[in-house]
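*Asks:* First residue of the sequence shown: -13, per this note's numbering; consecutive thereafter.
Ideal Cβ placement from N, Cα and C applies to all residues, glycine included.
None of these values were measured; they are calculated from a predicted model.
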Amino acid sequence: MTKIQALRGMNDLLPSESALWQYLEASVADVLGRYGYREIRFPIVESTDLFKRAIGEVTDVVEKEMYTFNDRNDESITLRPEGTAGCVRACEENGLLYNQTQRLWYQGPMFRYEKPQKGRLRQFHQIGIEAFGMAGPDIDAEILLLTARLWRDLGVLSNVRLEINNLGTPEARAQYREALVVYLSTVIDQLDADSQRRLTTNPLRILDSKHPGTRALLHGAPKLADYLPEQNRQHFAQLQAILVQAGLAFTVNPYLVRGLDYYSDTVFEWVTDDLGAQGTVCAGGRYDGLVAQLGGRMTPAVGCAMGVERLVLLLQTTGQIPAGINDDADAVFIVLGDYMPAALALAETLRDEMPLLRLTMLAGGGSLKNQLKRADKSLASIALILGEAEFNRQLLVVKHLREPLEQVEVAFSEVAALIDQWLIE
Ligand code: ATP
Ligand code: MG
């Protein structure tokens, strides 16, 4: 029989990598907590209309990338391709945006039907941050500063750079779009195929093209910055002033646009050169119009999402994995003969006395030699051995597995104190 395999682009997270994921997730939760952000959890599946309305009908995400199904009741539902839409929906539905500010974060799987490649999956994971009810550049800066702190904590600050831009208002963008289309239409033959298609659907996205020929043509194009309303210019200038004062380096990238329609005003990306083409590890911006667009009251908002797989890859390629990050056992328990019940009871006592001890019972039995071999493979630093001779004298043999030290015999009641000492050394 042929075996059933995972769907393309949907990875298993194996035990050998989960300690690194947990370390990354804990680091993010720690930094966010220090800035007053609280976790929110909302469903992975939502009504398809939510994403169409929030992200925009002619975006790549909605046009080509959504996992959309009809449920048994013939309602169209979609696996979330991003978190902001569901977060806004949940906040509105639960009255979290009424006359109050919110600093929130979430994490979990997102789904996009893309061509799987390095750094691009069909089920991937994001950690998202959203701040509601605050209109000023200070909150944009806060999110940039806290992400910078996170990169510093993770040891990758020097591997990422911050790019920022300002998209103005939807009205200003519409004017600019016209001017851009007029210009690009005069050189349409020289554009890459994707950009030719986007000229009619989503022309601003052409600014983001990676195609060298198209990029060269963009030098002669009208500049979005020349279309910015005064209010956005000021916001952008103030944001830059705050970042300068805080000592956070950035570059203004006038071609930076985002793939989701709800963004306006400030946008930004944290980019690395260490991961090849898929180098954006965190991206976001303001979306002041989205809450109203989804039926709520006008609510200023700013947020971002980081790609967890890309961050894990970045930690791995830069070697920024602290030595303590592993879930190997500290000790294994080798049991000979019929003494498993006694060993299990003793192990429970040790776990009571030493809550930080990682103690694994060596399953499967066998001779002492055979069990020691397996203990060695486990990467634990010590082995506890209980057989008939030891049981009769109510003691254990404690053996170092990694250092050439004499094994010792220890009374049951003394074991905790001894391994405590050995593991600290
Ligand atoms: P890209 O330009 O890389 O396609 P995007 O604009 O589609 O990104 P966002 O929707 O802003 O991405 O998502 C934020 C972050 O989530 C990205 O910067 C990236 O780190 C991660 N991400 C997005 N799509 C994927 C994917 N298919 N697989 C893995 N990570 C992804
Ligand atoms: Mg994309």
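Identify which residue in L297, N188 and T285 has its Cα closest to the Cα of R244.
*Replies:* For R244, the nearest C-alpha among the options comes from N188.
*Asks:* Ignore the nearest five residues each way along the sequence and tell me which others in Q224's own chain have a CB closer than 7 Å to its CB.
*Replies:* Counting only Cβ-Cβ distances below 7 Å, and skipping sequence neighbours, we find P123.
*Asks:* Enumerate in chain order the residues of its own chain whose CB-to-CB distance from G373 is below 6 Å, with the five nearest sequence positions on each side excluded.
*Replies:* Cβ neighbours of G373 beyond the five flanking positions: L322 and G323.
*Asks:* According to DSSP, is I(-10) part of a helix, a strand, or is it coil?
*Replies:* I(-10) falls in the coil class under three-state DSSP.
*Asks:* Here's a check: name, in chain order, each residue in its chain whose Cβ is nearer than 7 Å to the Cβ of L229, leaving out the five neighbours to either side.
*Replies:* Contacts found: A127, L130 and F236.
*Asks:* What do you get for Q112, buried or exposed, if any count of 16 or more other CB atoms within 10 angstroms of its CB means buried?
*Replies:* Counting Cβ neighbours within 10 Å, Q112 comes out buried, since at least 16 surround it.
*Asks:* Are the stretch 66 to 83 and the stretch 26 to 45 in contact at 8 Å, needing three or more beta carbon pairs?
*Replies:* Touching, per the Cβ criterion.
*Asks:* Identify which residue in A134, L(-1), E43 and R58 has its Cα closest to the Cα of Y21.
*Replies:* Closest by alpha carbon: A134.
*Asks:* Just mark F55 as buried or exposed, buried being the case when its beta carbon has 16 or more other beta carbons within 10 Å.
*Replies:* Exposed, because fewer than 16 other Cβ atoms sit within 10 Å of the Cβ of F55.
*Asks:* Where does N59 sit, in a helix, a strand or coil, going by DSSP?
*Replies:* Correct three-state label for N59: coil.
*Asks:* Beta carbon of R201: closer than 7 Å to some heavy atom of ligand 1?
*Replies:* No, the beta carbon of R201 sits no closer than 7 Å to any heavy atom of ligand 1.
*Asks:* Which one of L143, Q(-9), V318 and L83 has the shortest CA to CA distance from M120?
*Replies:* The shortest C-alpha separation from M120 is found at L83.
*Asks:* Restricting to Cα atoms, I'd like to know which of R201, V318 and N80 is closest to D178.
*Replies:* The option with the nearest alpha carbon to D178 is R201.
*Asks:* Jot down the residue ranges of each uninterrupted beta strand (DSSP E) in the stretch 72 to 132, minimum 3 residues, whole runs only, in chain order.
*Replies:* As far as the stretch 72 to 132 is concerned, its whole beta strand (DSSP E) runs of at least 3 residues are 88 to 97 and 109 to 118.
*Asks:* Using the Cβ count rule (16 or more neighbours within 10 Å means buried), how would you classify I150?
*Replies:* Buried is the call here.
*Asks:* Per DSSP, what kind of secondary structure is L381 in: helix, strand or coil?
*Replies:* In the structure shown, L381 sits in a strand (DSSP, three-state: E or B).
*Asks:* Taking C-beta to C-beta, are W256 and V238 nearer than 8 Å?
*Replies:* No, the Cβ-Cβ distance between W256 and V238 is not below 8 Å.
*Asks:* I'd like the list of long-range same chain contacts for I320, defined as Cβ closer than 8 Å, with 5 residues on each side in sequence excluded.
*Replies:* Within the same chain, I320 has close Cβ partners L348, L354, Q357, L358, A361, A369, L370, I371 and L372.
*Asks:* Have a look at F118, G271, Q(-9) and L10 and flag the residue whose alpha-carbon is nearest the alpha-carbon of L299.
*Replies:* Measuring from the Cα of L299, the nearest candidate turns out to be L10.
*Asks:* Name the DSSP beta bridge partners of V321, please?
*Replies:* L372.
*Asks:* Taking just the CA atoms, how far does G42 sit from R163?
*Replies:* Each residue's Cα considered, the two are about 16 Å apart.
*Asks:* Closest by CA to Q226, which one among M(-4), A328, D259 and L148?
*Replies:* Of the candidates M(-4), A328, D259 and L148, the one whose C-alpha sits nearest the C-alpha of Q226 is L148.
*Asks:* Could you tell me if L6 is buried or exposed, where buried requires 16 or more neighbouring beta carbons within 10 angstroms of its beta carbon?
*Replies:* With 16 or more other Cβ atoms within 10 Å, it is buried.
*Asks:* Can you tell me which of G289, L153, Y248 and K196 puts its alpha carbon nearest to the alpha carbon of P240?
*Replies:* Out of G289, L153, Y248 and K196, L153 has the C-alpha closest to the C-alpha of P240.
*Asks:* Decide if the stretch 269 to 286 is in contact with the stretch 303 to 314; the criterion is three or more beta carbon pairs, one per stretch, under 8 Å apart.
*Replies:* Touching, no.
*Asks:* Whose C-alpha, out of L0, D338 and Y325, is nearest the C-alpha of G352?
*Replies:* Considering only alpha carbons, the answer is Y325.
*Asks:* With hydrogens ignored, establish whether the beta-carbon of F110 is closer than 7 Å to any heavy atom of ligand 1.
*Replies:* Within the cutoff, so yes.
*Asks:* Would you check if the distance between the CB atom of L203 and the CB atom of V173 is smaller than 8 Å?
*Replies:* Taking 8 Å as the Cβ cut-off, L203 and V173 qualify as a contacting pair.
*Asks:* In three-state terms, what does DSSP make of E425?
*Replies:* The question about residue 425 has no answer, for the chain in this structure spans -13 to 411.
*Asks:* Taking only three categories from DSSP, how would you classify S144?
*Replies:* If DSSP states are grouped into helix, strand and coil, S144 belongs with the helices.
*Asks:* Helix, strand or coil: how does DSSP classify V173 here?
*Replies:* V173 falls in the coil class under three-state DSSP.
*Asks:* Flag G293 as yes when its Cβ comes closer than 7 Å to any non-hydrogen atom of ligand 1, and as no otherwise.
*Replies:* The answer is yes for G293.
*Asks:* Just to confirm the assignment, what range does the alpha helix (DSSP H) spanning A269 have?
*Replies:* Not the alpha helix (DSSP H): A269 falls in the beta strand (DSSP E), residues T266 to R272.
*Asks:* Quickly, what does DSSP pair A397 with across the bridge? List them, please.
*Replies:* BP columns for A397 point to L381.
*Asks:* Specify the secondary structure class of N218 as computed by DSSP and reduced to three states.
*Replies:* It is helical.
*Asks:* Buried or exposed, going by whether 16 or more other CB atoms sit within 10 Å of the CB of T64?
*Replies:* T64 should be labelled buried.
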